[in-house]
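Scroll down for the structure; my scribbles are underneath it.
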């Protein structure tokens, strides 16, 4: 193959095999003329006049924009822009997804609120600019899929392309001259990696002879039949094969394979569209709620019963599936030597439309009910306390959840007492120690997560709790900006209580009794109807991508004439197995089987 031959091969233009045919019989004079014109000069060496740029008009401009939008380059750019546009949504608390984080953020950075609202950074995924990128990407994919699907369906119905006149112009070709006597003669191999001066494959395997002399009238038909049998690969068809006789009398085979490559490419793009639609539907139709459920108590599946609740724009909270859940018991198992958690199990009772059932919820084993899944997200202890105010009236009575901070369940929490009949509001903040230990004076710690010796260690504040301002507060934190800590001289008053103990609060604020200790669980209820479709689309995208990357697209031709068997091949992309496949086709047609048993061309597709 000459350098000119190599330049004539363009893998991306498999439809240009006719050009290979035309070039093989082109007039040298015309080539010279074309070469001269390609330099951009006339015969006298003068530059040709510049062509005036024509006005494409409004319709032409729209066509240009559409072609740019549906190009692969723009689709990849939009995909990267979409990924970049999602970054602010993962950094800045979103108004709908994280109301508590949003409230904390605007309280901490009030100077940013105005600009962030203008840029819609608190509502990234429903913002105009994010939706624009999303919609443009969707349109780009659709505009790419529809015409390519039409072309692919036409290719599936079409026959393999016509046979080139000159196989020498193909990137891979192999020629076996059997001679009039039917014995192996000259072998011609393409110049990629083969040594034309070395011994031929046929000469190295001279013991394999054609079963029929090539001079016989039916020998060509036999060679064609052997080539067809090889291309179709026995019981599993590998190539789409068409046989015909040329006007010159030569019998030829036209074959093509790798249609599944473009099928995989289309599957990948369709799966991306499905993925975009699924994610959008999930964002609009989902809901999610978190609730802390204390042992012996229950909650109803209603928005008002959740500690936090967020839903998509198209979901109506009135559509929540009605059921009621009660936490009967919670079992936790820990190792003795290192206090590591072994197992958590929540035993619950479900009342679903009058039907009562006992169920269990474990870590990574959610309970499914009403199209939603209930996950066990956490657990802890809720000390049962009774607080009276200065007038002796009960201001608070019941369990108060404390949040564990470490492996031994050192838990932090607050006890807020806003409903007092007389005197100031007050609150207590501190720690619950499940198994208390005092390594030093005025120092306590927990040494094991089980409640072997539970203790409350609290400090006392009085003043305005700020609950009447209408601003959401974290129930596990005490806002002390308008409160005063109760002290004894220069030291803060520390209240230490074990189960069954009570104490009179300083300054006549009331009393506090530690009556018991309950377990609680943190449950996360999620409903997202798009999850199954997201999974299917993701798997389909991976399968389609693998098909488009690893299935080769090949066109093969075989010509038998006057005892000469000649094969050629063309691939759409770089195909390292093309040379071997072409050689094996020629040998299989001539000898009934390839002489090289190492042929690795075994991938099947259609």
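In this note's numbering, the protein residues as written are 1 to 606. Ideal placement from N, C-alpha and C gives every residue a C-beta, glycine not left out.
Residue environment, residue i, which counts as buried when at least 16 other CB atoms sit within 10 Å
| i | result |
| --- | --- |
| residue 84 | exposed |
| residue 565 | buried |
| residue 589 | buried |
| residue 87 | exposed |
| residue 33 | Annotation note: pLDDT 39 at residue 33 (below 50); position unreliable, no value reported. |
| residue 360 | exposed |
| residue 557 | buried |
| residue 295 | buried |
| residue 128 | exposed |
| residue 397 | exposed |
| residue 201 | Reliability fails at residue 201, whose pLDDT of 38 lies under 50, so the model's placement of it is uncertain and the value that follows must be treated cautiously. Classification for residue 201: buried. |
| residue 528 | buried |
| residue 135 | exposed |
| residue 546 | exposed |
| residue 440 | exposed |
| residue 387 | buried |
| residue 56 | exposed |
Pair within 8 Å by beta-carbon distance, residue i and residue j
| i | j | result |
| --- | --- | --- |
| residue 381 | residue 523 | no |
| residue 74 | residue 68 | yes |
| residue 125 | residue 283 | yes |
| residue 384 | residue 399 | yes |
| residue 145 | residue 270 | yes |
| residue 495 | residue 401 | no |
| residue 486 | residue 506 | yes |
| residue 314 | residue 272 | no |
| residue 567 | residue 173 | yes |
| residue 352 | residue 369 | yes |
| residue 514 | residue 456 | yes |
| residue 362 | residue 345 | yes |
| residue 563 | residue 178 | yes |
| residue 477 | residue 464 | no |
| residue 421 | residue 393 | yes |
| residue 555 | residue 531 | no |
| residue 330 | residue 379 | yes |
| residue 586 | residue 176 | yes |
Close Cβ partners of residue i (< 8 Å) along its chain, the five nearest in sequence each way excluded
| i | result |
| --- | --- |
| residue 116 | 92 and 122 |
| residue 248 | 561 |
| residue 501 | 513 and 514 |
Reduced DSSP category for residue i - H, G, I as helix; E, B as strand; rest coil
| i | result |
| --- | --- |
| residue 512 | strand |
| residue 532 | helix |
| residue 125 | helix |
| residue 327 | strand |
| residue 488 | strand |
| residue 357 | strand |
| residue 593 | coil |
| residue 572 | coil |
| residue 315 | coil |
| residue 481 | coil |
| residue 174 | strand |
| residue 338 | coil |
| residue 269 | helix |
| residue 562 | coil |
| residue 406 | coil |
| residue 65 | helix |
| residue 74 | helix |
| residue 609 | Nothing can be reported for residue 609, as the shown portion of the chain is limited to 1 through 606. |
| residue 149 | helix |
Own chain partners of residue i with C-beta closer than 6 Å, once the 5 adjacent residues on each side are dropped
| i | result |
| --- | --- |
| residue 428 | 415, 458 and 460 |
| residue 300 | 324 |
| residue 612 | A query on residue 612 cannot be resolved here, the shown segment of the chain reaching from 1 to 606 and no further. |
| residue 553 | 258, 261 and 572 |
| residue 435 | 446, 447, 448, 452 and 453 |
| residue 206 | At residue 206 the pLDDT is 34, less than 50, meaning the model places this residue with poor confidence and gives no usable figure here. |
| residue 592 | 226 |
| residue 97 | 310 |
| residue 480 | 461 |
Assumed close pair residue i, residue j - CB separation to whole angstroms, cut-off 8 Å
| i | j | result |
| --- | --- | --- |
| residue 309 | residue 328 | That belief does not hold up - the Cβ atoms of residue 309 and residue 328 are roughly 24 Å apart, past 8 Å. |
| residue 389 | residue 510 | 5 Å |
| residue 418 | residue 425 | 5 Å |
| residue 140 | residue 78 | 6 Å |
| residue 303 | residue 317 | 4 Å |
| residue 243 | residue 228 | 7 Å |
| residue 219 | residue 251 | Between residue 251 and residue 219 the Cβ distance is about 10 Å, and since that is not below 8 Å, they are no contact. |
| residue 544 | residue 264 | 4 Å |
| residue 525 | residue 372 | 5 Å |
7 Å CB neighbourhood of residue i in its chain, flanking five on each side removed
| i | result |
| --- | --- |
| residue 241 | 228, 231, 232, 253 and 255 |
| residue 423 | 389, 390 and 509 |
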